[in-house]
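Here is the structure we will look at.
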């Protein structure tokens, strides 16, 4: 459950802003058909903060209907711990396989507050938890010292490592061994993280390019590093689109061009326009023109 490629999927909307469950079913199915190992819904890329709790649980249900026996995780990223605990409990009742938990994205918790918040959410959901550490976007760094304080709770099983410091993956493994599954959460550091021991990839551009993402992961695990690197070098300009304030719009445009999906987003976001749109579209179209022929990996 805590290895492989886990897409952080986008949430699909109709033109009038309602949830587009039919399009989500289609797009989620493409991930499963490509060999992804589960789904993560309602994260940053999934516009979770723009969804009501009921909408998030509805997206979870749609993902579960497509994923079958593969795990579906719900992201918990609430301003308040009380609200985070309520969502975690609702996810458990709805049959989520686990949670990906972000400390408050609004208030930058200190070490004691981070431990208390993560512990409270884990207890409320009583599900396996992947800690989401992203000091760049959320200003809270879940360091190995904090992880040490959480290690006694068996519900904490994994970390989505998004510190933007590739050294952190090695530091966690050196300190904890296999106590925590380490998954890379930065698309354009994925090859590097997998090279030094990450066991999974919480991926973004996978939603537009699932076969290539899965191929890189499987080739790396098979020891076919040179083949994986060749695909990764082609992929890098696309992967850079994930590391942006506009990652949602960037990736939804990539989905529109690569798999024929929609670009509808929830305000205050708006679809890309002008020079920014032209630049992203050029990156995606160039990648599509140069798309590599993939080789199977065991």
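In the working numbering, the protein residues as written are 38 to 335.
Every residue, glycine too, gets a C-beta built ideally from N, C-alpha and C.
Residue i and residue j closer than 8 Å at C-beta
i           : j           : result
residue 82  : residue 321 : no
residue 84  : residue 302 : yes
residue 97  : residue 136 : no
residue 235 : residue 220 : yes
residue 65  : residue 100 : yes
residue 193 : residue 209 : no
residue 158 : residue 121 : yes
residue 213 : residue 188 : yes
residue 252 : residue 268 : yes
residue 114 : residue 86  : yes
For residue i, the three-state DSSP class (helix, strand or coil)
i           : result
residue 213 : helix
residue 44  : strand
residue 98  : helix
residue 170 : strand
residue 320 : helix
residue 184 : helix
residue 34  : Any property of residue 34 remains undetermined from this structure, which presents the chain solely from 38 to 335.
residue 82  : coil
residue 288 : helix
residue 233 : coil
residue 67  : helix
residue 77  : strand
residue 137 : strand
residue 112 : strand
residue 177 : strand
residue 56  : strand
residue 88  : coil
residue 203 : coil
residue 325 : helix
With 16 other Cβ atoms within 10 Å as the buried cut-off, status of residue i
i           : result
residue 305 : exposed
residue 288 : buried
residue 311 : exposed
residue 211 : exposed
residue 326 : exposed
residue 59  : exposed
residue 197 : buried
residue 151 : buried
Neighbour flag for residue i against chain B, beta carbons, 8 Å
i          : result
residue 84 : Here chain B cannot be found, since the structure has a single protein chain.
Element boundaries [beta strand (DSSP E), containing residue i]
i           : result
residue 307 : Per DSSP, residue 307 belongs to no beta strand (DSSP E) and is neither H nor E.
residue 197 : 193–198
residue 162 : Note, residue 162: premise wrong, no beta strand (DSSP E); alpha helix (DSSP H) at 148–162.
Residue range of the alpha helix (DSSP H) that includes residue i
i           : result
residue 118 : 118–130
residue 218 : Counting along the chain, residue 218 falls outside any alpha helix (DSSP H), though it belongs to the beta strand (DSSP E) covering 218–221.
residue 51  : Unbroken run through residue 51: none, as it is neither H nor E.
List, from N- to C-terminal side, the beta strand (DSSP E) runs of 3 residues or more that fit wholly inside the stretch 236–272.
237–240
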